[in-house]
Amino acid sequence: PHMKVYDNIAFPLKIRKEKDIHQQVIETAGMLGLSSLLQKYPKELSGGEKQRVALARALVRKPQVFLMDEPLSNLDAPLRLSARGELKRLQRKSNITTIYVTHDQTEALTLGDRIVIMDKGNLQQIGTPEEIYLRPGNVFVAGFIGTPPMNMIHIEPCGDRSFFSGETRFEFPTPLPVKTNCIFGIRPEKLTIAPANTPSAIPGIIEYIEYLGHESISHVKIAPNITWYIKSTAEQIRAGDLVGLKFSCDDIHWFDPVSRARIES
Numbered sequence: 006p007h008m009k010v011y012d013n014i015a016f017p018l019k020i021r022k023e024k025d026i027h028q029q030v031i032e033t034a035g036m037l038g039l040s041s042l043l044q045k046y047p048k049e050l051s052g053g054e055k056q057r058v059a060l061a062r063a064l065v066r067k068p069q070v071f072l073m074d075e076p077l078s079n080l081d082a083p084l085r086l087s088a089r090g091e092l093k094r095l096q097r098k099s100n101i102t103t104i105y106v107t108h109d110q111t112e113a114l115t116l117g118d119r120i121v122i123m124d125k126g127n128l129q130q131i132g133t134p135e136e137i138y139l140r141p142g143n144v145f146v147a148g149f150i151g152t153p154p155m156n157m158i159h160i161e162p163c164g165d166r167s168f169f170s171g172e173t174r175f176e177f178p179t180p181l182p183v184k185t186n187c188i189f190g191i192r193p194e195k196l197t198i199a200p201a202n203t204p205s206a207i208p209g210i211i212e213y214i215e216y217l218g219h220e221s222i223s224h225v226k227i228a229p230n231i232t233w234y235i236k237s238t239a240e241q242i243r244a245g246d247l248v249g250l251k252f253s254c255d256d257i258h259w260f261d262p263v264s265r266a267r268i269e270s
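Remember, my numbering sits 5 above the position in the sequence shown when you count from 1.
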């Protein structure tokens with residue numbers, strides 16, 4: 006706390022030549038947006054700035070392995086986006102193995118080459134970002150990865166092309182690939198909004214719409230206690246509209262209701 010930002014970053018390098026120390030401090034500070042803060046003391050910094058200084062102290066050493074525990078959690082959104090990109094660039098350039106702990110799924114998906122997902126200390130799945138997102142190994146992973154989360158309902162088949170969820174009966178567009186009770190899941194971006202009377206579409210009513218500029222997220226009630234998310238580009242729809250939800254059977258995920266593990270269809 007008694008040293009300026011420059012000296013804090015340089016501290017792990019004290020045994021090196023002064024010229025090398027200065028160059029590495031300047032490069033690291035520039036990468037993390039600390040160049041204008043090098044002559045300030047920690048008490049003059051915000052929480053996010055202090056976190057960046059701590060990150061700079063780790064990066065400046067250029068070690069064989071990085072262990073980072075939520076290093077970006079206190080940064081504001083624009084700076085977090087920038088720092089995330091810089092960390093990715095740094096890791097690619099240095100080729101240093103990095104173990105990165107985060108509760109932010111976006112950081113995990115964008116930064117990781119391989120992701121380890123834990124829940125209460127228990128290993129849930131290991132895989133590439135693509136494997137984790139496209140083939141979640143169980144209900145926890147399916148609901149944790151993705152924004153909005155995967156739509157999931159418990160179903161009870163009651164015919165070749167129909168099933169119950171609770172007391173509501175739904176029609177399936179093709180013969181059901183499962184014959185016993187299971188959990189049905191589908192990503193919000195894999196649903197398409199269609200007219201309410203579209204054959205084989207799941208009927209629903211739009212509760213409200215989150216407009217995000219380049220896309221929107223519609224909250225559609227398909228049963229008294231079931232609301233699904235639909236992510237799409239701008240649609241000519243409004244809250245209160247009756248709609249149908251269409252999907253491809255290839256985009257469905259099936260899970261065992263007891264073990265909650267993925268079922269390979």
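Ideal Cβ placement from N, Cα and C applies to all residues, glycine included. For clarity, every value in this text was computed on a predicted model and none was experimentally measured.
- Within the same chain, G190, I191, P193, W233, Y234 come within 7 Å of N156 by CB-CB distance, once the 5 residues on both sides are set aside.
- Considered as a whole, the stretch 139-182 harbours 156-162, 167-170, 173-176 as its complete beta strand (DSSP E) runs of no fewer than 3 residues, in chain order.
- The stretch 209-218 makes contact with the stretch 241-261, as at least three CB pairs between them are under 8 Å.
- The shortest CA-to-CA distance from P47 to any of R97, K67, R21, M8 is the one to M8.
- Distance between A147 and R140, taken at the CA atoms: about 8 Å.
- When secondary structure is reduced to three states using DSSP, D124 falls in the strand class.
- The beta carbons of R57 and L39 sit closer together than 7 Å.
- Taking 3 residues as the shortest admissible run, the stretch 11-84 contains the following complete beta strand (DSSP E) segments, listed from N- to C-terminal end: 70-74.
- Contact check for R89 and T115: beta-carbon distance about 6 Å, within the 8 Å limit, so the pair qualifies.
- Between I222 and E215 the beta-carbon gap is near 4 Å, inside 8 Å, which marks them as a contact.
- Our two residues, C254 and T179, have alpha carbons roughly 8 Å apart in a direct line.
- In the structure shown, T115 adopts helical secondary structure according to DSSP, grouped into three states.
- Judged by DSSP secondary structure, T103 falls within the beta strand (DSSP E) whose first and last residues are 102-106.
- Q96 sits away from V65, with the two beta carbons spaced by 7 Å or more.
- The residues I101, in chain order, have a CB closer than 8 Å to that of P68 in the same chain once the five nearest residues on each side in sequence are set aside.
- By the C-beta density criterion, G35 is exposed, having fewer than 16 other C-beta atoms within 10 angstroms.
- Nearest to A63 by alpha-carbon distance, out of T203, I120, A15, is A15.
- Here A61 really is in contact with L37; their C-beta atoms are around 5 Å apart, less than 8 Å.
- For F177, the CB contacts under 6 Å within the same chain, skipping 5 residues up- and downstream, are R166 in chain order.
- Taking C-beta atoms as the reference points, G151 and P134 fail to come closer than 7 Å.
- Between the C-alpha atoms of I227 and Q110 there is a straight-line separation of about 28 Å.
- With a threshold of 16 other beta carbon atoms within 10 Å, I131 falls short and is exposed.
- Residues of the same chain with a CB within less than 7 Å of the CB of R85, apart from the 5 flanking positions on each side, are L77 in chain order.
- It is roughly 52 Å from the alpha-carbon of K251 to the alpha-carbon of E32.
- If you ignore the 5 residues before and after I231, its C-beta comes within less than 7 Å of the C-beta of I158, S170, all in its own chain and listed in chain order.
- When DSSP states are grouped into helix, strand and coil, P229 belongs to the coil group.
- In terms of CA proximity to P200, Q241 leads the group A82, Q241, N13.
- Around T185, the same chain offers P162 as residues with beta carbons nearer than 8 Å, after the five sequence neighbours per side are excluded.
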